Amino acid sequence: MVSITLFGGVGQIGGNKVLLEDGDTRIFFDFGEPFGMKDKYFVDFLMPRERFGLRDYFHFDMLPRISGLYDQKWLEETDLKHTDPGFNAIFVSHMHYDHVMHMRFVDEGIPAYLGFAADIIRRSWAETSLGKMNFGDREYHTFRTGDKIKVGSIEVHPIHVDHSTPGAYGFLIHTSEGCVVYTGDFRMHGPRSDMTVDFMKAAAEAKPVAMICEGTRVMQEDLRENLSEDGVKEKVLGLANKAKDLAIVSFYPKDLDRMRTFRDIATETGRKFVVSAKVANLLEMFQSDPGIDAPDPMNDPNMLVYVRKMARPDKVRYEKKYVDMLGSSDHVVDSEYVRNNQSKLLFHTDFFQLTELIDIKPKGESLFIRSKSEPFEEDDVQEEVLQNWISWYKLDFRQAHASGHADMNEVLAAIDEISPEAVIPIHTEHPSLFKRSKVKVIIPEAGKPLSISE
Ligand SMILES: [Zn+2]
Ligand SMILES: [Zn+2]
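Each residue of the sequence shown is one higher than the last, beginning at 589 in this note's numbering.
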């Protein structure tokens, strides 16, 4: 018998944990943390006591209590007994937090499968987080589109999709009772929509019995601005052309499309694009993937690497490499350089490095572009703090973003085109809106197995 059980991503955005069982073969697809999972019982320094492993997570049902899944070291202080691994593998659709974060708790005897580019992100993440973002010392197998991976009685065909990070895949999962499709996260309006089209074509040809489909933007009304990647470029070019002083931009470094867009904007406006050592580490590691045209900060004539002033740079090994080049390489700069060359630079920052602005001293009315999605909640604390920094420096704040997700009409069209026997909504707050498609919709319940032969 083949069954599908969703342990996360049910009525919520992210936290996907999809269990597929075919006889003795048991495979998880993604093992992420839902956005805002801890917000109900935890805040600031009130956090789950990880010294007791998963005890606090289990107490508030933040993780399913399943035998044979978690690593011994996370179970010692809980009442769930450790047993030998009861699962064959975890397949990772892409390296976003909400798809991969809880894999760190999984038994290290369970191997992970992920895209070649996704594995580069994993390794860079581990290095630049100084080991905090470690997904377990397990076997990691990489795949590319076209690979066929046999695990027990299941054969998995990963196929690339376009999303806001490289190494994003959907899966055709061939079971003994037919093909199950899992979309991961995808979009149609991105620069590589051809990849999503490849996935949809292969998925339709497989005549799936079920399709587990994301629906981040499946909602009655989406009022947030959404541009195409070209639209972001056009909007920001107009702003950067007029900017007289520093131009600052904030977006997630794993979004390589956005990285290219801003490198190009810098080039076309006669500025240099400045990235942090953390970003440079990721981009330099991407040079080993011929399939991805990642900007190369140490060789691109229009890019620079920014190093922080640190009391103990030897403690931050990935950054020390660049700190050592300060003064000898034309590509490495510090806050003094940025302060003195504001009109010639486009400076990338993330929220947690806003403190660099204290040393950079942006001149009044410097441009600040937020190039990520607007906050969902009206009382977003980080947003309030960001806006306080913006007003302190009198920055000209602008928004320009292209979403990583298909909108409702595109999701419904994809379902109709693939035409599975049934669709199971995931990664959405509005699963019942999927009923607008022509296909039968099964609304999942967390932890409740769905049999695909019914
Ligand atoms: Zn997601
Ligand atoms: Zn994602």
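We treat Cβ as the ideally placed atom computed from N, Cα and C, and that holds for glycine.
What you are looking at is a predicted structure, and each value in this text was computed from that prediction instead of being measured.
Proximity test, residue i beta-carbon vs ligand 1 heavy atom, cut-off 8 angstroms
i, result
"D686", "yes"
"G778", "no"
"I601", "yes"
"H989", "no"
"H1018", "no"
"G620", "yes"
"H729", "no"
"H647", "no"
"H690", "no"
"N676", "no"
"N604", "yes"
"H1043", "Shown here, the chain extends from 589 to 1042; a query on residue 1043 therefore has no answer."
"H919", "no"
"H762", "no"
"H745", "no"
"H748", "no"
"H936", "no"
Whole-Å CB distance - residue i paired with residue j, under 8 angstroms assumed
i, j, result
"I800", "T753", "At roughly 20 angstroms, the Cβ-Cβ gap does not stay under 8 angstroms, so I800 and T753 are not in contact."
"D995", "D810", "7 angstroms"
"E944", "S961", "Actually they do not touch by this definition, with Cβ atoms about 23 angstroms apart."
"N890", "A854", "5 angstroms"
"G1043", "H1015", "Shown here, the chain extends from 589 to 1042; a query on residue 1043 therefore has no answer."
"I1040", "V806", "Between V806 and I1040 the Cβ distance is about 22 angstroms, and since that is not below 8 angstroms, they are no contact."
"A1010", "V820", "No, A1010 and V820 are not in contact; Cβ-Cβ is about 36 angstroms, not under 8 angstroms."
"L594", "P1032", "5 angstroms"
"G656", "R692", "That belief does not hold up - the Cβ atoms of G656 and R692 are roughly 17 angstroms apart, past 8 angstroms."
"G740", "D659", "G740 to D659, Cβ: 21 angstroms. No contact."
"S764", "D610", "5 angstroms"
"M788", "E998", "That pair is no contact at about 10 angstroms."
Residue i: CB within 8 angstroms of a non-hydrogen atom of ligand 4
i, result
"E802", "Among the ligands present in this structure, namely ligand 1 and ligand 2, ligand 4 is not found."
Cβ pair residue i, residue j closer than 9 angstroms
i, j, result
"S591", "L1021", "no"
"S864", "H936", "yes"
"G641", "K626", "no"
"V824", "F850", "yes"
"H1052", "F774", "Residue 1052 lies beyond the range of the chain shown here (589 to 1042); nothing can be said about it."
"H690", "K830", "no"
"G596", "A990", "no"
"T730", "Y757", "no"
"A677", "A705", "no"
"M650", "G755", "no"
"F617", "L607", "yes"
"I654", "P673", "no"
"Y584", "N869", "Past the edges of the chain, shown from 589 to 1042, lies residue 584, and the structure says nothing about it."
"R614", "F675", "yes"
"V1029", "D1004", "no"
"R643", "T671", "no"
"L534", "P878", "It is not possible to answer for residue 534, since the shown part of the chain is limited to 589 through 1042."
"F679", "F759", "yes"
"A794", "H748", "no"
"G620", "Y685", "yes"
"D947", "K897", "yes"
"K932", "R859", "yes"
"P901", "L892", "no"
"A798", "G766", "yes"
"G803", "G992", "no"
"D938", "P841", "yes"
"D984", "L827", "yes"
"P950", "Q970", "no"
"F648", "K669", "no"
"R846", "S959", "yes"
"D881", "R927", "no"
"K1000", "S979", "The question names Lys, yet the displayed sequence has Leu at residue 1000. No; because the gap between Cβ atoms is not below 9 angstroms, this pair is not in contact."
Neighbouring residues (CB closer than 5 angstroms to any heavy atom of ligand 2): Having a Cβ closer than 5 angstroms to some heavy atom of ligand 2 are H684, D773.
Three or more C-beta pairs below 8 angstroms linking the stretch 910-923 and the stretch 812-821: Short answer: they don't touch.
The stretch 945-962 in contact with the stretch 826-842 per 3-pair CB rule at 8 angstroms: Yes, the stretch 945-962 is in contact with the stretch 826-842.
Stretch pair the stretch 712-720 + the stretch 863-878: three plus CB contacts closer than 8 angstroms: Segments in contact, yes.
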